[in-house]
Structures are given as structure tokens and as C-alpha cells.
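Below is one structure, written out as C-alpha cells, with a few remarks after it.
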Amino acid sequence: MEQKDIKALVLSVLGETRGFDGYVIVRAQSRREWSMRISNGRFERVSTGADSGFGVQAFTKDGASGFATSDVLSEGAGQKLVQKAIQLARRNEAIGTKLNRRIWEAPEVQAEEKNPAKKSFGEIPLVELEEMAMTLHSRLREVSPEVVWQTSYNQVEEVWCIGRTDGTNVSFVIPRAVVMHQGTVRDQGKAQSTLIHRSGMDASVLFEELEDHVLERKALDRASFAKAVCGAPQLPSGHYPLIIDYGLAKGLAHEAFGHAVESDHMNESVLGEGGKIRKGLRVARPGVNIIDGPLVGDWAYQPYSANGLLRQTVTIVRDGVLEAGLGDVFSAEEAGMPATGAGRAESYGNVPLPRMSNIRLSVDRMLSLTPLEHLMDEVKAVRETLLQHGELIEGEKNLLLLGYRGGQVNPKTGDFVFQCDGIIDVADPELPIYQPSIFSGKILSALEAIRGGIGEGCYDAIGTCGKGGQSVASSGGSHRYLLMDADQQVSLGGQHA
Amino acid sequence: MKLVAHLEDLLYQAQHTPVKEDLRLADWRIVVNESEVVSLGIKDNSPGSVYTPPSYSQSESGEIFLVWADGKCSQAMVQLEAHDDQAYWQQELSQWRQASYEDPDAAHIPTPEPLPLVTVEDPEIQTIISGDGQILFDQVKRWLMDKPSEPKMQGSIQTAWGYRHIRTSTGLSVTYQQSQFVSWFSFDSLIGGSFAKRRLSRPEEQQKLWERTMNLYDALQIVAPPVGPQTQVILAPSMTEDMLGQFILPNFSGDRVIEKQGAFTKEDFLENKLVFHPHFSLIIDPLCPLELGSYLVTSEGVPAQRTVLVCDGKLQTPYLRVKDSVRWGAKPTALPHGMSGLYLKHQAEVPWSQALEAVEDGVLILSVLGLHTQEAVSGSYSLSAPHSLRILKGKIVGKTDVKLTGNFFADMAAPTTKTALSELDTFPYLVIKTGVQSL
Chain L
1 MEQKDIKALV LSVLGETRGF DGYVIVRAQS RREWSMRISN GRFERVSTGA
51 DSGFGVQAFT KDGASGFATS DVLSEGAGQK LVQKAIQLAR RNEAIGTKLN
101 RRIWEAPEVQ AEEKNPAKKS FGEIPLVELE EMAMTLHSRL REVSPEVVWQ
151 TSYNQVEEVW CIGRTDGTNV SFVIPRAVVM HQGTVRDQGK AQSTLIHRSG
201 MDASVLFEEL EDHVLERKAL DRASFAKAVC GAPQLPSGHY PLIIDYGLAK
251 GLAHEAFGHA VESDHMNESV LGEGGKIRKG LRVARPGVNI IDGPLVGDWA
301 YQPYSANGLL RQTVTIVRDG VLEAGLGDVF SAEEAGMPAT GAGRAESYGN
351 VPLPRMSNIR LSVDRMLSLT PLEHLMDEVK AVRETLLQHG ELIEGEKNLL
401 LLGYRGGQVN PKTGDFVFQC DGIIDVADPE LPIYQPSIFS GKILSALEAI
451 RGGIGEGCYD AIGTCGKGGQ SVASSGGSHR YLLMDADQQV SLGGQHA
Chain W
1001 MKLVAHLEDL LYQAQHTPVK EDLRLADWRI VVNESEVVSL GIKDNSPGSV
1051 YTPPSYSQSE SGEIFLVWAD GKCSQAMVQL EAHDDQAYWQ QELSQWRQAS
1101 YEDPDAAHIP TPEPLPLVTV EDPEIQTIIS GDGQILFDQV KRWLMDKPSE
1151 PKMQGSIQTA WGYRHIRTST GLSVTYQQSQ FVSWFSFDSL IGGSFAKRRL
1201 SRPEEQQKLW ERTMNLYDAL QIVAPPVGPQ TQVILAPSMT EDMLGQFILP
1251 NFSGDRVIEK QGAFTKEDFL ENKLVFHPHF SLIIDPLCPL ELGSYLVTSE
1301 GVPAQRTVLV CDGKLQTPYL RVKDSVRWGA KPTALPHGMS GLYLKHQAEV
1351 PWSQALEAVE DGVLILSVLG LHTQEAVSGS YSLSAPHSLR ILKGKIVGKT
1401 DVKLTGNFFA DMAAPTTKTA LSELDTFPYL VIKTGVQSL
């Protein structure tokens, strides 16, 4: 369904709420998706899909809420949902729910954002996309037949419209596309897999990859690295000076820090006290900054919140000091922060929660590094850069953690864990490779340990935020690499020391 | 008109009297789910907060799989559109045709076979959905009254009810009702309990789950001595489920085995390689009444049946969807729904109370951080488990933070690994000897 049609539907459904003395938010979404997966030279799946519907959040005049959703995007369905949501809100009021009238204070917004995609969703026929994906896949298999390759391409377009009782009407389009190569290698009786991606807004990612083969080179390098990891020894567990790549840095910023400053988490966050953000707290060394905000063309781009507020770019940490959090309209004030349009939802069927978009970590102290075509050449360049600046600590392992396999944090206790694809000791001129092991510790200690960045900013590390059981696109990054001091509260797993 | 009826008409016509010859179907399959869901949550001790309000959702959507006259295949997700006229569906059909691809192994629609009798619907749940949902509000109220005063409580109750329709061009036409009841709660997001079945939980089950969680919560308030190198590790039932879900189940997926992307090879299965200790068996059983993983027929039209993946420690078969079964040269098997429907059996299983008494020096792992980041193919793990419970001389004595290092395949093969039965869970406690140290 087109943006203007959805907008008209939302206006029409809201028109039916005039007699209600409370407040209503209507979210309508129409989503299209094309996806394909090729395994060992054959299409394993090509699928098309569409999903659209309404989500209606109603508030009684005192602020009790109810929520109703349907996957039928029609005026009649929307009107029924409004009645259902109002009925549930009234039931909720009767059980003594915590009332919330913040939505009445939200500014009225009128906006109709243009689709930022360079190529519209169906501009390149599916058959051509299949051919392009197969070409990319076949090249990998030709160059590296010993690896079991799987190539996926996924393209999504989400059209959103959010309307509110106060007259707010915001509509926008989120286009996303990603091509991924997954390789499984076996060596010395062990298997390892590696996953590498290139993301953007539309089918341009396929055209760009066919022209420059950047992803292909990365995939081949990562497969070679994975093979070396198969037979690599484990590190003794302990506390080491670390160099983490920007994928891991995104994980650290997102999991360990971003979630801890979301306004709905302040009662259970190590960065909250008495339910409010600990603004002014020194959390890192001077020169360390963390910023969150949408970037046009990025995987996690979203210009407005799912509550119809402009999504603002927020400096969470400035010069090492906690400055702000990610606030949505419902909990920002209680959490001691301004509402910055941080509410995002997986779909019309989910209640929006405060969450990140693109989160990036930067350090004023940066060592320059020219990105090189091949992984191990770049690792050598990292070693040389560190030697040149006297940053390698004599007689100690200096471990470079490569690849981000995900992580998890308990925001209440501040415990975090991350996993990488493998580890290289850059203090040793032989650059020995080790098995991946869990990178864990306390989030404040990890931030405090950051002492510098290597290379320019890379903010295209992508992922999916699973907060509240939803799946929402997330992204971010840092300098190409981050330097971290050894810290007693940050450790690598591995064998017993 | 219902979505399933629209689709059936459309695909039947495309098979027998297509608008264009290019759009002629040889075979097809439809699965449509109609569901209504009612839920209510608790956030930070507040029932029905703005983030967890009482909710109602209704949906009618499905998936189609098409085999065209030239043997190509298509698959698509579908939902009932507001403008579901003839022209709209013909346009959809053309788009599905455009998305067709060659996959000869997938181009098989099973012929209908008798379906087993499996209870997958609790009529009481339908009453809740069509009524006022009072039971949800009552349960939440009870939780909040009974909870300890200090911790922040989070929780949710969700009931779902609806129809499942499966139609195939080979003559299968099944519609049945199914239900679901899922509830969970936690204190300070550190410890909690959950229930998930196709029926409502019984008062005695709710009571036992609450008491167990409260006892563990109380134990977490006491600091216990650290673990030592000889400390036995005991995975709580939910942890056993999570470890099996991360390391074992993905490696039994037929497509992974066939594509050599799993820990086991096809030869390993054909040779019935011993991979677990002979006391262990692993089964997919969709026939258990009112369990969440139970069903009558798969979305591909294969009747529910019991499938043994591992018998006495030896590999038997991966789980096979229709396409994988063609490539494997066997019949399709039962399929798990997430981890539901999977059962781990041990020949020397004892009740948990008995197993606990026998633990001289142990640590009970309730949850770990970062399990999903571990490499499923290698089975190796390196995990931190803050908020675990120390066991000394058969008693849970308090909280300790530990780090685990090991390999789950090795754990499943070790003669020292044992299981203990939990009366509240489908998965057992798993007693293992693995690398453990204080965090």
C-alpha cells in the first residue's frame, strides 16, 4: 500500500474517535519483503511476502492504556480496533494500573517523509536480483570451493503512518537491503562458520558488490581466518590489553551502554539511581563519546518514532561524562531525561519501546590507519601503527578480537558478555591466532578501559535488537578498531589460567 | 470470504483453468493460521503499564508453496487484503510466478495420510478470548500480592486461540482448532518461572512454580563460598533447554546435514555413530496431548509422528522436511516447534530432590549471558553465569558468580553426565563435569 493511502486510512480511523474523552494513537504499517537464499550453488528459497495492519493504543482520560492490533488494513478493521483498545484501557484502569498521561504533552507533528531509497522496491525485477545474487555466490564457490557457502539477499520496504488524537500525522518509508555470505570451513576435525554482510537501502547493494567485490574479499579472508581458528589453541583466561574491531565496539556500545540509558530501564539500570539517569557521572576517560541517532541510508534508519515524534540524535556520553539517555514520550521525564523520539517497534503489532537506532562510539585520541584490502594485511598495519606509537606493551599479549557474534548484558548488574570470531596476538610478530573466547565483565569498567581509536569511523555494523521480544534493526560502530587497557573487571574466557 | 477459501479457489483455478498458460500450476500447498491473542503484562511492579498494556490482536495470514507446470517452485507469505478481489489475486499470482525458482527436490506435495488424534485445543482458552479475560487480570493481581516487597517484578500472560487450515492439491483438507497459554514472571530480571502449553496452567502447577522461584530467590540473597575445580555443574531445566537449543538441535536440521553445515555428516547418521553417552536418547514427539510442540499435521501436510533422533547415544536421523527427505531418501519426519516437542531422555534419571541430596559440591546454573553467541557447530562454550546457586552437602546455600568453559558435545558423551527429573518442566536438570571457575 502506498504512503498516501495509508495516511488517508489513519486519518479516517482517527476521525471515528472524536467522541472519546481520552487519547488514541493509530499506527499503520505496510511491509513488503523479498528474500532469497542460495546454498552450494542452488536456490534453497526465494520468497515474497507482504504484511500490513493497524495497531491502536488508547488511553483513558486519566492515562490507563489498552492496545489492539489487526493484520487487516481497512477502515472498518481500524474502527473496530479503536473500540477494542478503548475497552481494554478502561479495564486496565479498573485494576489500578500505573497511569501515564505523557502523550498529552507530546508536540503535534505533521510530516510526510519521502522514501530515501535510490531504487524503488520493485524497480529491479526479482528475476534480475536472483541472477545477481547467484553471480556473487558462484564467484565465491569458484575461488574457494573448499568452503561451504551460503548467500542470502533480503530486501524490505516498510511504509509507516502514525496518527494521534492531537492531529499529529507522520508518515515515512524505511527501505532496507542486505547481502550476506556465510561460509562453513572444516579443518583438523573441527568446523567453524563465518558470516559477513553488506547493507544498504535497496538493490544498489547488489550492483555495488558486483562492481567492487568488497564483500567477496572480506568473506574469503574471513573464511581463511575461520579455518586457522579451527586448529588454533585456546588462550588462558585472564585480563589483557585488547584491540576490538568496530563490529564488537558496536556491540559494546549497543548492548552494554545503549540499553542501560533507555528511559524505560532506569529502575533496573546500573546507570540509573532512584529511577533517574545518573547524569554527570564520569563513565569513561575524557575524549570518549557515544552518540545515537538515525543516519540516512543506514540499516537502522528511522526518521520518526513509532509515537510520531522526531527521532533526535543524542550525545549519550560527551568527553567521558554521561550526559543524556534515550527517552520516549512515556518514560523520559520520569527517568530524568528529555523525550527524544526513541520509541521504536518491530511492527504495527508491537508496543513501541525506547531503543537505539545507529549507536557510535568515538575517541578523540585517534591513531590513523589506512584501510587495507586484505584482513591479515590490515592486522599487520594495526601492529605497525601500535609499535610506531609505543602502544604495544612489552612482554604482554595484546589481543585483537575480530568479528562480532553477538552479546548480552544485564543492565541491572552491569554484567556483559560478547563473543568474537577469533583472536590474534598483535604483540607477537608471528601474529598467532587463538580460538574465540567470551569477552566479559562490567560495562563501566569496559568503558573506562577505552584509551584510543585506530582508523576512521565505521558505522555500518548491523544487527537486530531483541529487546522486549521484538526484532528491530540496529546498527552502529566506532573507529575501525578500539584500544582498551587491561582491566581486572574485564576478562577473556578460555582455558583456566 | 476467508483467506484460505480465497487461496483455495485461486490455486485450484490456476491448476485446472489458468488465465494464462504460463500461470498453470501443477501442485500447491496452503497453510493459513487464524488467531486471536489476549495478553497482559507487568513492568516494574505495575500491571498493564504503558509498555505492557492489556492487548488484543487478531490475524489471518499464511504461506503458500506452488509448483508450476514447468516444475519451478514459488513460496510466499500471504494475508487477507482489504481489496481482495479477483484482479488483486491474479496480480499476486503473476508476482509469485515471477519469483519462481528451480528446486526439483522441493517440488513434492505429499499425498494425504491418516492423521493422528492429538489434543491441541483447550476450550477454556477460547472462553477467555471470547469473554472478558478476567483470568489474566486475576493472575496478575495474585502475583503482585504474593511477591516479595524488594524486587521489581516483570511478567506476562498470553492466551491464544484460533484455527489452522492446511490444504494441498493432492487432496489434504484439514482445519482444526488450537490454543496456547504462556505465562512468565521474574524478580529483578534475575530469576523467574515460566509455563507454556496448549492448556491453562493448573492451580497446583502455578503454586509449585511460585514456591520454587521464591526459594531460589531467597537463596540468591545469601553470598556463598566460591566454586573450586572439582565443583559439579548442574544446569537448571531451562538451561538444559537453552543448551540443547543452541548446540544440539541446529545440528539435527536435515538441510544443515545435507549441506555439510552441521556438526554431523550424513555418513555419521547412516553409520549410527555414537555421539552421546549410551544412556541418552533424543526424541521429537508431537503427539503428547496439549504440549506446546504438539500438532496434527505439519505445514507441509505430513501427519504428526514420533521421531527418534538419537537412540542409546547413537545418531538415527536428522529431522527432515519434505524437500530434505527427498534428498535424504527417506520419509519426512516430525518437526520441532522451536524447542517445543523435543525430549531428552536418560536411562538413569532420578527425581531432582534425590539428585540434589547427592551433590556434595556443586553449582546450579539458572541462566548464562551470551549463549546465543556460541558456535553451534563446534559445541564449544565459554560463558559467564552470574547469579548461580552454590550447592554444598546436598543443600542450596547461596549465590555465586561463575564462568563455564567446555564443550557441550563432550558433556553429552561423558559417562559422568546425569539427568534429574523436574516435575514442572519438560527438560531435565543436567549434571555435568565441566570447566568452572569464579567470575
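Respectively, the protein sequence lines represent chains L and W.
Take the first sequence: its letters are residues 1 to 497, numbered as in my numbering.
Take the second sequence: its letters are residues 1001 to 1439, numbered as in my numbering.
The C-beta atom is built at its ideal place from N, Cα and C for all residues, glycine as well.
Just so it is clear, the structure is predicted and the values come from calculations on it, not from any experiment.
State yes or no: is the beta carbon of residue i nearer than 9 angstroms to at least one beta carbon in chain W?
i, result
"Ala260 of chain L", "no"
"Phe20 of chain L", "no"
"Gln57 of chain L", "yes"
"Ser52 of chain L", "yes"
"Leu447 of chain L", "no"
"Met36 of chain L", "yes"
So residue i is in the alpha helix (DSSP H); what residue range does that whole segment cover?
i, result
"Lys1410 of chain W", "Here residue 1410 of chain W turns out to be Ala, not Lys, going by the sequence shown. First-last of the alpha helix (DSSP H) with Ala1410 of chain W: 1408-1413."
"Tyr1012 of chain W", "1003-1016"
"Leu1093 of chain W", "1086-1098"
"Leu375 of chain L", "375-388"
"Arg90 of chain L", "75-94"
"His1387 of chain W", "Looking at the DSSP string, His1387 of chain W is not in any alpha helix (DSSP H); the run it does join, the beta strand (DSSP E), is 1380-1392."
"Asn1215 of chain W", "1203-1220"
"Gln1177 of chain W", "Element bounds for Gln1177 of chain W: not the alpha helix (DSSP H) but the beta strand (DSSP E), 1173-1187."
"Ser1325 of chain W", "1322-1328"
Output the boundary residues of the beta strand (DSSP E) element that contains residue i.
i, result
"Ser199 of chain L", "190-200"
"Trp299 of chain L", "Unbroken run through Trp299 of chain L: none, as it is neither H nor E."
"Gly251 of chain L", "No beta strand (DSSP E) contains Gly251 of chain L, which is instead part of the alpha helix (DSSP H) from 246-251."
"Ala461 of chain L", "450-465"
"Leu1364 of chain W", "1361-1365"
"Lys1197 of chain W", "1191-1197"
"Ile290 of chain L", "288-292"
"Lys1418 of chain W", "1418-1421"
"Leu1344 of chain W", "1342-1346"
Just checking: is the beta-carbon of residue i within a distance shorter than 9 angstroms of some beta-carbon in chain L?
i, result
"Lys1043 of chain W", "yes"
"Thr1213 of chain W", "no"
"Tyr1163 of chain W", "no"
"Tyr1217 of chain W", "no"
"Ser1253 of chain W", "no"
"Val1377 of chain W", "yes"
Tell me residue i's beta-bridge partners as DSSP assigns them.
i, result
"Gln234 of chain L", "Per DSSP, none; premise fails for Gln234 of chain L."
"Asp425 of chain L", "L:Leu399"
"His181 of chain L", "L:Thr151, L:Ile196"
"Pro175 of chain L", "L:Glu157"
"Asp1105 of chain W", "According to DSSP, which records beta bridges pairwise, Asp1105 of chain W is partnered with nothing at all."
"Ser1039 of chain W", "W:Ser1055, W:Gln1158"
"Ala358 of chain L", "It should be pointed out that residue 358 of chain L corresponds to Asn in this sequence rather than to Ala. Per DSSP, L:Ser475."
"Leu1066 of chain W", "W:Trp1028, W:Ser1074"
"Gly336 of chain L", "Its beta-bridge partners do not exist; DSSP assigns none."
"Tyr404 of chain L", "None, per the DSSP bridge assignment."
Thinking residue i and residue j are a contact (beta carbons under 8 angstroms), I'd like their distance in whole angstroms, please.
i, j, result
"Asp21 of chain L", "Lys61 of chain L", "5 angstroms"
"Gly1254 of chain W", "Met1339 of chain W", "With a Cβ gap of about 17 angstroms, Gly1254 of chain W and Met1339 of chain W do not count as contacting."
"Gly1262 of chain W", "Val1182 of chain W", "Incorrect: roughly 30 angstroms between the Cβ atoms, too far for contact."
"Thr1052 of chain W", "Ser1156 of chain W", "7 angstroms"
"Cys420 of chain L", "Leu402 of chain L", "6 angstroms"
"Leu1421 of chain W", "Ala1236 of chain W", "Rounded, the Cβ-Cβ distance is 13 angstroms, inconsistent with contact."
"Ala89 of chain L", "Gln155 of chain L", "At roughly 38 angstroms, the Cβ-Cβ gap does not stay under 8 angstroms, so Ala89 of chain L and Gln155 of chain L are not in contact."
Return yes when the C-beta of residue i is under 8 angstroms from any heavy atom of the ligand ATP, and no when it is not.
i, result
"Glu108 of chain L", "Summarising the ligand content, the structure contains no ligands, and the ligand ATP is consequently not present."
(message) What are the residues in the segment 111-129 of chain L lying within 7 angstroms of chain W by C-beta distance?
(response) Pro125, Leu126, Val127
(request) Identify each residue in the segment 1069-1095 of chain W for which the Cβ-Cβ distance to at least one residue of chain L is less than 7 angstroms, and report them in chain order. (result) With the criterion set as a beta carbon lying under 7 angstroms from some beta carbon of chain L, the members of the segment 1069-1095 of chain W are Gln1075, Ala1076, Met1077, Gln1079, Leu1080, Ala1082, Gln1095, in sequence order.
(message) At a CB distance below 8 angstroms, what residues from the segment 1100-1122 of chain W approach chain L? Give them in sequence order.
(response) Those residues of the segment 1100-1122 of chain W that come within reach of chain L (Cβ to Cβ, closer than 8 angstroms) are Ser1100, Tyr1101, Glu1102, Asp1103.
(request) Quick one: which residues of the segment 167-193 of chain L get their C-beta closer than 7 angstroms to a C-beta of chain W? List them in chain order. (result) Thr184, Lys190, Ala191, Gln192, Ser193
(request) Determine which residues of the segment 1349-1375 of chain W have a Cβ less than 7 angstroms from any Cβ of chain L, and write them out in chain order. (result) Leu1369, Gly1370, His1372, Thr1373, Gln1374, Glu1375
(request) For the segment 363-395 of chain L, enumerate the residues whose C-beta is nearer than 7 angstroms to any C-beta of chain W, in chain order. (result) Look at the segment 363-395 of chain L: it has no residue with a C-beta under 7 angstroms from a C-beta of chain W.
(message) Under 9 angstroms, CB to CB, which of the residues in the segment 1168-1197 of chain W have a partner in chain L?
(response) Asp1188, Ser1189, Leu1190
(request) Below 7 angstroms between beta carbons is the criterion; list the residues of the segment 399-413 of chain L that meet it against any residue of chain W, in chain order. (result) Arg405, Gly406, Gly407, Gln408, Asn410, Lys412, Thr413
(request) Note down, in chain order, all residues in the segment 1036-1067 of chain W with a beta-carbon under 7 angstroms from any beta-carbon belonging to chain L. (result) Listed by position, the residues of the segment 1036-1067 of chain W near chain L (Cβ gap below 7 angstroms) are Asp1044, Ser1046, Pro1047, Gly1048, Ser1049, Val1050, Tyr1051, Pro1053, Pro1054, Ser1055, Tyr1056, Ser1057, Gln1058, Ser1059, Glu1060, Ser1061.
(message) What are the residues in the segment 1383-1397 of chain W lying within 7 angstroms of chain L by C-beta distance?
(response) Legend: CB atoms of the segment 1383-1397 of chain W lying less than 7 angstroms from CB atoms of chain L belong to residues Leu1383, Ser1384, Pro1386.
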